[in-house]
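As C-alpha cells, the structure follows; a few thoughts come after it.
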Amino acid sequence: MNAPARTADSSASAAAIDALYAQHVAELHRRTLEALSRGGFDHLLVPSGNLHYQFFDDRDYPYAVNPQFKAWLPLTRNPGSWLIATPGRKPTLIYLQPFDYWHVVPQAPSGYWIEHFDVIVIRKPEEALAHLPKDAARCAILGEPQSALGDYAPNNPQPVVDYLEYHRAYKTPYEVAMMREATRRGVRAHRAAEAAFRAGLSEFDIHLAYCGAARQDANDLPYGNIIALNQNGAVLHYMELDREAPAQSRSFLIDAGASHHGYACDITRTYATDARDEFQALIDAVDAAQLKMCDQVRAGTDYKRIHLDAHLALAGILKDFGVLKTSPEAAVATGVSGVFFPHGIGHGIGLQVHEVAGFAASDRGGRIDKPAGHPYLRLTRVLEPGMAVTIEPGLYFVDLLLDGLRQGEHADSVDWNRIDRFRPFGGIRIEDDVVCTDAAPINLTRDEFAATA
Ligand code: GLY
Ligand code: MN
Ligand code: MN
5 MNAPARTADS
15 SASAAAIDAL
25 YAQHVAELHR
35 RTLEALSRGG
45 FDHLLVPSGN
55 LHYQFFDDRD
65 YPYAVNPQFK
75 AWLPLTRNPG
85 SWLIATPGRK
95 PTLIYLQPFD
105 YWHVVPQAPS
115 GYWIEHFDVI
125 VIRKPEEALA
135 HLPKDAARCA
145 ILGEPQSALG
155 DYAPNNPQPV
165 VDYLEYHRAY
175 KTPYEVAMMR
185 EATRRGVRAH
195 RAAEAAFRAG
205 LSEFDIHLAY
215 CGAARQDAND
225 LPYGNIIALN
235 QNGAVLHYME
245 LDREAPAQSR
255 SFLIDAGASH
265 HGYACDITRT
275 YATDARDEFQ
285 ALIDAVDAAQ
295 LKMCDQVRAG
305 TDYKRIHLDA
315 HLALAGILKD
325 FGVLKTSPEA
335 AVATGVSGVF
345 FPHGIGHGIG
355 LQVHEVAGFA
365 ASDRGGRIDK
375 PAGHPYLRLT
385 RVLEPGMAVT
395 IEPGLYFVDL
405 LLDGLRQGEH
415 ADSVDWNRID
425 RFRPFGGIRI
435 EDDVVCTDAA
445 PINLTRDEFA
455 ATA
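Quick look at the structure:
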C-alpha cells in the first residue's frame with residue numbers, strides 16, 4: 005500500500021525547507037482527515053506532554069515530547085502545549101510560554117513552521133481549555149494520561165492511532181531532510197569519537213568527545229551512547245562508560261546517534277587499533293556484507309527476508325574466518341548463527357529511533373509475526389518507497405551465549421581456538437540508516453561519511 009508524497013529524497017538547503025515543510029503539513033492533513041473519519045471524530049488533539057516528577061522527590065525527569073506532536077512541529081522542548089487539527093481548517097497551536105523566573109521558558113514562537121498554524125500563546129497550562137474544541141467527545145486526543153486537562157483526557161482511539169502510526173513509516177521528503185541533518189551531526193561526532201579512540205582515551209572521554217562534536221548531550225541524543233572498548237563490544241547495549249582507559253585499546257564499537265528537530269539518526273561503527281590484525285579483516289568482511297544488505301532495501305522486499313539473508317551471509321563470514329566448521333546453511337538451521345548474531349537486522353527509524361508500527365499488517369491494525377526463532381526482529385513489514393530503516397548486522401563473541409553453545413549439541417560446529425582469538429575484541433556492528441525509494445536506496449549514513457571524508 006502506498007501513500008503519496010513520500011518518495012523523493014532531499015539534501016535540503018535552508019531555503020528549501022519551507023517548501024518541504026509545506027508539503028509535509030499537507031500530507032499530515034491528508035492522513036488526519038482519513039484517521040479521523042475511521043475513528044468517527046471531528047478533531048485531532050495532541051498535547052505535547054508534561055514534565056514527570058521523581059517519586060518522593062521534586063526533581064523532574066528529562067522531558068520527552070509526545071511523538072504525535074513532533075510529527076507536526078519541530079518543537080521538542082515545549083511541555084504543556086496543544087495541537088488542534090480539524091479537517092478543512094488551518095491547525096491551531098496552543099503554545100505555552102509560562103511566566104517563570106526559575107527556568108528559561110520557550111522563546112516566542114517563530115520559525116519556518118509558524119505560517120502553517122494559528123498560534124495562541126498561553127501563560128498557564130489550564131488556559132488551553134478555553135481554546136480547545138467545545139465538545140471533548142468529538143475529539144481524538146492522542147497522548148499520555150498525564151496530559152489530561154479537564155474533560156480532555158487522551159482517549160487514543162485505536163483506529164486513529166493505527167492509521168497514523170502505520171503511515172508514519174513513510175517519510176515525507178521533509179522528514180528525510182531532517183534525518184539527513186541529524187546524520188550530519190552524528191557523523192561529525194563519530195569522527196571525533198574515532199579520533200579519541202585512536203588517542204587512547206577512556207570510554208567516558210570518548211563519549212565526551214562525541215557529545216562535544218555533536219553539540220548534544222544525553223537529553224538531546226535520541227538514545228544513550230554505546231561506547232565500548234575491547235570485550236565490552238560484546239555487550240549489545242553496553243552503556244557503562246568506563247572512566248579509566250584500558251591498558252591497551254584493541255577495538256572500539258560505537259553505536260551513537262544525534263537528533264534534529266525531533267528526528268533521529270542511529271549509526272554504529274567498529275574500529276580496530278591495528279589495521280594489520282585479523283580482527284580488522286573481520287570488520288571489513290562485515291562491512292562489505294552490510295553494504296549488500298543495504299542494497300536490499302528496495303520496494304517490495306520483505307524486511308524479514310533481509311534479516312534471514314543476513315544470518316546466512318554472516319555465517320558465511322564465520323566460515324571464511326575459520327570460526328565455523330559446518331556449512332553456513334547448517335549454522336543457520338541449527339541456530340548457531342544466532343549465537344554470533346543475536347539481534348535483529350534493524351528497525352524503522354524517524355521520529356523515534358525505534359519507529360512505531362514495525363509489525364503492523366495494515367493501517368487498520370493486525371500484526372505480521374516475527375519469523376520463528378527470531379524474537380528480536382523489530383520490523384516485519386514489506387518495504388515500500390519512503391520507508392526509512394536501519395541495517396545493522398553484527399558478529400559478537402558473547403561469553404554467555406558461547407557458554408550455552410559449548411554445553412549444547414552443536415559445540416563441535418565451531419573452532420574454539422578461533423573464538424578465543426577474537427574474544428578479546430568483543431564484537432562488530434555496522435549500522436546505517438537507509439531510505440527505500442522507487443529505485444536505488446538512499447544510504448543517509450554512507451552518503452554523509454563519503455561527503456566528509
Ligand atoms: N542504537 C540502538 C539500535 O541500534 O537499535
Ligand atoms: Mn538501530
Ligand atoms: Mn544503533
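Position one of the sequence shown corresponds to residue 5 (the numbering used here), numbered consecutively onward. Yeah, the Cβ is synthetic: ideal placement off N, Cα and C, and Gly gets one too.
Look at Val-2 and Asp-442 and say whether their C-beta atoms are less than 7 Å apart.
The chain is shown only over 5 to 457; residue 2 falls outside these bounds and no answer can be derived.
Quick one: what's Leu-257 bridged to in DSSP? Ala-232 and Thr-274
Output the boundary residues of the alpha helix (DSSP H) element that contains Leu-405. 403-411
| query | Going straight from the alpha carbon of Ser-14 to that of Asp-61, what length do you get? | reply | Confidence at Ser-14 is low in this model, with a pLDDT of 42, below 50, so its placement is unreliable and no value can be given for it.
CA-to-CA distance, Glu-185 to Val-438, given in whole angstroms
14 Å
Nearest candidate by alpha-carbon position, reference Ala-140, set Pro-149, Pro-158, Arg-127 and Val-125: Pro-158
| Residue environment, Tyr-380, which counts as buried when at least 16 other CB atoms sit within 10 Å | exposed
Item to check | Cα-Cα separation, Gly-216 to Leu-233 | outcome: 19 Å
Check your understanding: What do you reckon, is the C-beta of Glu-452 under 6 Å from a heavy atom of ligand 2?
Key -> no
request  = Indicate the three-state DSSP secondary structure (helix, strand or coil) for Ala-12 in the structure shown.
outcome  = Bear in mind that the predicted position of Ala-12 carries a pLDDT of just 41, short of 50, making it unreliable; the figure below should be weighed with that in mind. Three-state DSSP puts Ala-12 in coil, outside helix and strand.
For Val-108, is the classification buried or exposed, using 16 other Cβ atoms within 10 angstroms of its Cβ as the cut-off for buried?
-> exposed
For ligand 1, I want to know if Tyr-307 counts as a neighbour, meaning its beta carbon is within less than 6 Å of at least one of the ligand's heavy atoms.
no
Next item on the list: Please list, in chain order, all residues of the same chain as Glu-244 whose beta carbon is under 8 Å from its beta carbon, the five residues on each side excluded.
Entry: Glu-207 and Asn-236
- request: Quick one: grab the DSSP three-state call for Leu-24.
  value: helix
Rounded C-beta distance between Gly-369 and Asp-166? I'm assuming under 8 Å. 5 Å
Just to confirm before moving on: does the CB-CB distance between Ile-258 and Ile-231 stay below 7 Å? yes
Closer than 6 Å: is that where the CB of Asp-2 sits relative to any heavy atom of ligand 1? In this structure the chain extends from 5 to 457, so residue 2 is not present and cannot be described.
Checklist entry - Can you give the Cα-Cα distance for Asp-224 and Ser-331, rounded to whole angstroms? => result 45 Å
Practice prompt. Check each candidate in Phe-325, Phe-256, Phe-363 and Val-327 and name the one with the smallest Cα separation from Lys-308.
Written response: Phe-363
Report yes if the CB atom of Ile-126 is closer than 7 Å to the CB atom of Leu-87, and no otherwise. no
Could you give the distance in angstroms between the alpha-carbon of Met-182 and the alpha-carbon of Leu-448?
11 Å
Any chance you could list the alpha helix (DSSP H) runs of at least 4 consecutive residues sitting entirely within the region 54-124, in chain order? 71-74
_Paired residues, beta bridge with Cys-143 - DSSP_ = His-47
- DSSP beta-bridge partners of Gly-352: Val-393
* Buried or exposed: where does Asn-6 fall if 16 or more other Cβ atoms within 10 Å of its Cβ makes it buried? -> Legend: pLDDT at Asn-6 = 36, less than 50; position of this residue unreliable, value from coordinates given subsequently. Its Cβ having fewer than 16 others within 10 Å, Asn-6 is exposed.
query: Is the region 376-390 close to the region 403-420, with three or more CB pairs under 8 Å?
result: no
Counting C-beta neighbours from all protein chains within 10 Å, is the total for Pro-8 16 or more, i.e. buried, or is it exposed? The predicted model places Pro-8 with a pLDDT of 36, which falls under 50 and marks its position as unreliable, so this point remains unresolved.
### Message
Taking 6 Å as the cut-off, is the beta-carbon of Asp-270 closer than that to any non-hydrogen atom of ligand 2?
### Response
yes
Taking one C-beta from the region 117-125 and one from the region 14-34 each time, how about it: are there three or more such pairs within less than 8 Å?
yes
* Please go through the same chain and pick out, in chain order, the residues whose beta-carbon is closer than 7 Å to the beta-carbon of Arg-10, but skip the five residues on each side of it. => In this prediction, Arg-10 has a pLDDT of 36, which is less than 50 and means its spatial position is unreliable; nothing more can be read from the coordinates.
- Which of helix, strand or coil DSSP assigns to Asn-421: helix
Is Glu-359 close to ligand 3? I mean its beta-carbon at under 6 Å from any heavy atom of the ligand. no
What whole-angstrom Cβ distance do Leu-316 and Val-418 have, given they're in contact under 8 Å? The pair is not a contact, with the Cβ atoms about 16 Å apart (cut-off 8 Å).
What are the boundary residues of the alpha helix (DSSP H) that includes Ala-451?
According to the sequence shown, residue 451 is Asp rather than Ala. First-last of the alpha helix (DSSP H) with Asp-451: 448-455.
In the DSSP assignment, find the beta strand (DSSP E) that holds Tyr-400 and state where it starts and stops.
398-400
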